[in-house]
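Have a look at the structure below before the remarks.
Residue numbers (our numbering), protein chains in the order written: chain A, 893 to 1302; chain B, 893 to 1302.
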């Protein structure tokens, strides 16, 4: 039996991943930029708004003309016009004058505040009665108050959210420079694996990893293409990996959980041109039989064959790496959203490896509980029954029931 | 000034939304089913695995033949074959016999356990020395232990995760029935709105809501098409809405924040054939000037024109509704993931309306803090500076600093 020859910690894997080159950039239309990662800084080319705008319906006034106005002692202003939406007012507000203005309207020159319509009353003679004072700037969104020209709004490496798309539009950026999306080549290896459309003969099983890992990859917006099912044959494995390296940015092969299959894969990878095995075995459970290599400067992940192990390793390392390739930070390690929960029962763990324990979440009496879902890593059903996982750090002996834990949803 | 004539609570809006018809179903390939919502129950048509499989490298044995074996008093078994991956073993294990088996291999008939290779030693004469006993079922994944035939694994209304895609594949389902994706027609209305490619003249502003609301819609996997920018003109508004209703499943128009624009929109909607205004004003802040109508049995949302208000109403009601149309539960109301945080400073609020306060998250000393981001709903930059929002319930007077709050990320 051959032992793993280069077992590394998860932290070391992240260091290795950080040494790969990021992808290049491309321009995309702003309307489809949601979810992409900025490759440029977004700097405001102009003030927003371009001039002062009313935030209420009412009258544009000079604030000083309203001082002292009350219900019992109202003031009177001469109405010199009406602000229309979408047009620059062609009049000015002089002393003692006002203009009707709708919410969103640009203030005419001379005005510095908006008096809400509730406190006004048209007097019928071309003037308006006002019963409240306003201060300068009241009910007005000043020029550049939303965004000031030259302000750095978003930085490279930022994943674009809906509000960011709106901001790009507001700044007049119809296109934006983003990192290219990684293309991931996926293969399932093993003599026992058959396509899902086929009814497995005795001794055979259907390919699940192409589908579960493929969906994980899609979940971070990367593209997937399948290299198919590859038998445990050195020439076929070699050919598939080389095709993946040539056509993709990353290759993820899930394969053999037996020693023989692992040895075959390690031999194949070592023999590839411009290849270097970075890790052969990772101190993580499930997922120890993971191989990481650099082939022609691109990353090759050999994930374990067990369906749960393949998904955990893909979630923890592959997805983080895909986000890194797109310009995001690797630091956090785990992709996906996190929630807090109370651990319902204790999790035992072995020191010296990072453990990922599947958990099912339950809301009870207003608290969120994480129930460990135990079961072998060959059981995909344990993933289907789970909502996420809890990470037990490499040097911990476990986590006691009742403690607060962070659950990464999947 | 016309007041809102039918102000309803957020709870009433959800009740109204629940009365619309859900979308129909369609078949999609399993490889692209991630993120779709199941329209059928997934019931296991067969046992997984189809027969007992080894979870370790070693020897397939009859457990009773290993009883009492130790390092000092090893047992000996006759090796009658080797299990190959992907093939049904053509031999049986009789009393006193064993067969080599790799991880994942199907057990030959007669064997009921796998003895790990670590505890074996080939004796050279066609037999193997064993130094540990195993119990029946040890290192074996039994037939149907992952999934039992007839088991209901997933129910209609469930949004498909990566592990579910893997499970569908494992069960041999190459296609799956899912709810159709909603098609959402979007328009921005207002005489002041210009396309983002154009440099706004004085009095004009660029269209942001088509982009921010469009991205929100995309974020839940729905499709978007734009009806363009529509001027404040009854005939044009009517035409745009009717086109949206005819070509889309839902129409979301963002429009006018002034009383005049709101009145015009309400008049246009009332005059449409088969139209009924369900809500005109919602007790929510920001977002009060929201109009909800049913037109030809389809939902029409008129979102406020202010960019923040438009996004909040779209996030709270429109996204929940899109998920509902796709078969998910409306109950939770809010789409999106939630995290807990400590409110950094108090939020004042007005009773009688639900308030959505933008917050920026900060991690400090291992705790997550939510800092309220104050600013007018006409400032899109306040959304860009925020990570999510905190909901202040309709009957609360606010939330005190230091309390735990739930933040919905956007």
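The beta carbon of each residue, even a glycine, is placed where N, CA and C say it ideally should be.
- Within the region 1056-1072 of chain A, 1056, 1057, 1058, 1059, 1060, 1061, 1062, 1063, 1064, 1065 and 1066 place their CB atoms closer than 9 Å to a CB of chain B, listed in sequence order.
- Residue 929 of chain A sits close to residue 1218 of chain A, with the two beta carbons spaced by under 8 Å.
- Between the region 976-990 of chain B and the region 998-1007 of chain B, the count of Cβ pairs shorter than 8 Å is three or higher; the stretches touch.
- Going by C-alpha positions, residue 1196 of chain B is about 23 Å away from residue 1011 of chain A.
- Around residue 1082 of chain A, the beta-carbon contacts reaching into chain B at under 9 Å are 977, 978 and 996.
- DSSP places residue 1128 of chain A inside the alpha helix (DSSP H), whose first and last residues are 1126-1139.
- Among the CB atoms of chain B, none fall inside 8 Å of the CB of residue 1142 of chain A.
- Excluding its 5 nearest sequence neighbours in each direction, residue 1245 of chain B has C-beta neighbours in its own chain below 7 Å: 1175, 1176, 1177 and 1286, listed in chain order.
- Taking a Cβ-Cβ cut-off of 7 Å, the neighbours of residue 1107 of chain B in chain A comprise 926, 1054 and 1057, given in sequence order.
- Against chain B, a Cβ distance below 9 Å from residue 1302 of chain A picks out 1053, 1054 and 1055.
- The count of Cβ pairs closer than 8 Å, one atom from the region 1079-1086 of chain A and one from the region 1049-1069 of chain A, stays below three, leaving the stretches out of contact.
- Not a single CB atom of chain A sits nearer than 8 Å to the CB of residue 1075 of chain B.
- Across the structure, residue 1086 of chain B and residue 918 of chain B are spaced so that their CA atoms are roughly 38 Å apart.
- Around the C-beta of residue 1166 of chain B, fewer than 16 other C-beta atoms lie within 10 Å, and the residue is accordingly described as exposed.
- Of B:993, B:1044, B:1084 and B:1129, the smallest CA-CA separation from residue 1095 of chain A is found for B:993.
- A distance of 8 Å or more separates the beta carbons of residue 991 of chain A and residue 1028 of chain A.
- Residues are counted here when their Cβ sits less than 8 Å from a Cβ of chain A; for the region 936-956 of chain B these are 940, 941, 942, 943, 945, 947 and 949, given in chain order.
- Residue 921 of chain A is outside the set of residues whose beta carbon lies under 8 Å from a beta carbon in chain B.
- Shown here for residue 1026 of chain B: same chain residues with a beta carbon closer than 6 Å to its own, the five before and five after excluded, namely 955, 958, 1005 and 1007 in chain order.
- Collapsing the DSSP output to three states places residue 989 of chain A in a strand.
- Under DSSP, residue 952 of chain B shares a beta bridge with B:991 and B:1006.
- Bridge pairing for residue 1284 of chain B: B:1247 [DSSP].
- The beta carbon of residue 986 of chain B sits closer than 7 Å to the beta carbons of 1002 from its chain, once the five residues preceding and following it are set aside; these are given in chain order.
- Beta-bridge partners assigned by DSSP to residue 1181 of chain B: none are found.
- Within the region 1263-1278 of chain A, 1268, 1270, 1271, 1272, 1273, 1275 and 1276 place their CB atoms closer than 7 Å to a CB of chain B, listed in sequence order.
- Residue 950 of chain B is a Cβ neighbour of residue 1031 of chain B, given a cutoff of 8 Å.
- In the DSSP annotation of this structure, the continuous segment of the beta strand (DSSP E) that includes residue 970 of chain A starts and ends at 967-974.
- The beta carbon of residue 1156 of chain B does not come within 8 Å of any beta carbon belonging to chain A, so the residue lies off that interface.
- Between residue 1301 of chain A and the set A:1262, A:1292 and A:1290, the nearest pair of CA atoms involves A:1262.
- The Cβ atoms of residue 1169 of chain B and residue 1185 of chain B sit closer than 8 Å to each other.
- Within 8 Å of the CB of residue 1203 of chain B, the CB atoms of chain A belong to 1054, 1055 and 1058, in sequence order along the chain.
- Annotated as distal: residue 1268 of chain A and residue 1100 of chain B, with beta-carbon spacing of 8 Å or more.
- Taking 8 Å as the threshold, the shortest C-beta distance from residue 1197 of chain B to chain A falls below it.
- As DSSP reads the structure, residue 918 of chain B sits in a beta bridge with B:1070.
- Going by DSSP, residue 1274 of chain B is part of the alpha helix (DSSP H) stretching over 1273-1276.
- If you ignore the 5 residues before and after residue 1274 of chain A, its C-beta comes within less than 7 Å of the C-beta of 1200, 1250, 1265 and 1267, all in its own chain and listed in chain order.
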